[in-house]
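Take a look at the structure set out below.
Numbering (our numbering), first residue to last: 579 to 868.
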């Protein structure tokens with residue numbers, strides 16, 4: 579039986595999601611709060627979840643993120659297909675330009691990739707989920723502080739420059755993040771300044787060495803070194819600094835995601851003691867051209 583999620587279902591659904599996926603409870607809580615959610619139950623036992631989450635992204639127009647999860651022990655029983663049929667009207671009602679879905683890559687052929695390909699999705703990009711369970715590193719000697727509003731222009735430019743080639747290789751538009759900046763972008767960064775760290779020499783007002791952000795309770799996000807400072811050991815030291823701050827915040831383990839084509843970053847994190855725990859893939863369906 580498929581039914582709509584209710585607020586009182588939260589404890590049971592959180593327990594199920596954390597047992598059946600690698601999603602952090604806080605991330606799952608946020609998704610459930612912001613989405614239209616359907617539950618698949620068999621004799622009172624939860625076996626699948628579908629969530630339709632509409633988000634605004636200027637580069638892709640209006641985007642809907644679809645979460646379609648089934649219990650590993652109950653796969654190949656038509657649960658995913660049934661949840662898809664139930665969730666599809668909610669997707670159309672959101673009137674998105676693009677629909678995306680992320681799924682774990684299985685060792686066997688077929689699986690989720692084929693499931694979504696048959697429904698019109700095209701493979702987009704892959705992600706390695708990595709985690710660190712070690713001790714703090716010796717504190718790196720770096721000029722790192724929390725983000726301030728005066729950093730906005732050089733932060734956005736450095737972030738854009740650092741990720742341009744990776745975004746181009748993986749068709750993440752716009753390739754230059756500077757093209758998607760709005761007044762709201764500046765306000766949003768300032769609102770979350772306590773979660774953004776910048777590495778910058780104060781005498782070089784126009785140059786930023788790098789940065790990273792704290793995402794949720796355990797994740798390091800958007801760690802980058804500006805192109806002109808790459809190859810000088812800053813990436814390793816900034817990653818160590820980031821791990822130390824996450825451990826101080828109580829993260830255990832410390833997590834991050836790496837695009838599968840970004841082998842340089844993957845090898846760096848691996849050398850620091852991060853281990854790959856999962857590889858997932860994002861596929862997308864273009865419903866209309868923005």
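Quick reminder that beta carbons are idealized off the backbone N, C-alpha and C, glycines included.
Cβ neighbours of residue i in the same chain (closer than 6 Å, five flanking residues each side left out)
{"i": "residue 606", "result": "592, 595"}
{"i": "residue 657", "result": "618, 625, 626, 648"}
{"i": "residue 725", "result": "771, 774, 776"}
{"i": "residue 613", "result": "629, 630, 631"}
Alpha-carbon to alpha-carbon, residue j and residue i
{"i": "residue 704", "j": "residue 695", "result": "15 Å"}
{"i": "residue 686", "j": "residue 692", "result": "No answer about residue 686 holds up, because its pLDDT of 49 lies below 50 and its placement is not dependable."}
{"i": "residue 737", "j": "residue 791", "result": "12 Å"}
{"i": "residue 675", "j": "residue 632", "result": "11 Å"}
{"i": "residue 789", "j": "residue 663", "result": "42 Å"}
{"i": "residue 854", "j": "residue 816", "result": "20 Å"}
{"i": "residue 741", "j": "residue 579", "result": "45 Å"}
{"i": "residue 844", "j": "residue 621", "result": "44 Å"}
{"i": "residue 603", "j": "residue 589", "result": "10 Å"}
{"i": "residue 794", "j": "residue 601", "result": "11 Å"}
{"i": "residue 768", "j": "residue 660", "result": "43 Å"}
{"i": "residue 778", "j": "residue 680", "result": "35 Å"}
{"i": "residue 597", "j": "residue 755", "result": "36 Å"}
{"i": "residue 682", "j": "residue 707", "result": "10 Å"}
Close-in-space but distant-in-sequence residues of the same chain around residue i (CB under 7 Å, 5 per side omitted)
{"i": "residue 677", "result": "642, 644, 669, 862, 863, 865"}
{"i": "residue 609", "result": "629, 631, 645"}
Own chain, CB closer than 8 Å to residue i, minus 5 neighbours either side, in chain order
{"i": "residue 581", "result": "616, 617, 619"}
{"i": "residue 830", "result": "711, 796"}
Beta-carbon proximity check, residue i vs residue j, cutoff 9 Å
{"i": "residue 715", "j": "residue 821", "result": "yes"}
{"i": "residue 735", "j": "residue 786", "result": "yes"}
{"i": "residue 712", "j": "residue 811", "result": "no"}
{"i": "residue 834", "j": "residue 798", "result": "yes"}
{"i": "residue 832", "j": "residue 709", "result": "yes"}
{"i": "residue 746", "j": "residue 753", "result": "yes"}
Which residues DSSP lists as bridging residue i, in chain order
{"i": "residue 720", "result": "Note: residue 720 sits in no beta bridge, so no partner."}
{"i": "residue 754", "result": "Answer is none; residue 754 lacks a bridge partner."}
{"i": "residue 540", "result": "The chain is shown from 579 up to 868; residue 540 falls before or after that span and cannot be answered."}
{"i": "residue 618", "result": "580, 626"}
Query raised in the report: At what residue ranges does the stretch 687 to 716 contain a whole run of the beta strand (DSSP E), taking only runs of 3 or more?
Result: DSSP runs (the beta strand (DSSP E)) wholly in the stretch 687 to 716: 700 to 710.
**Report entry** Entirely enclosed beta strand (DSSP E) segments - the stretch 797 to 858, minimum 3 residues
**Finding:** For the stretch 797 to 858, whole beta strand (DSSP E) runs of length 3 or above, ordered along the chain, are 797 to 803, 832 to 837.
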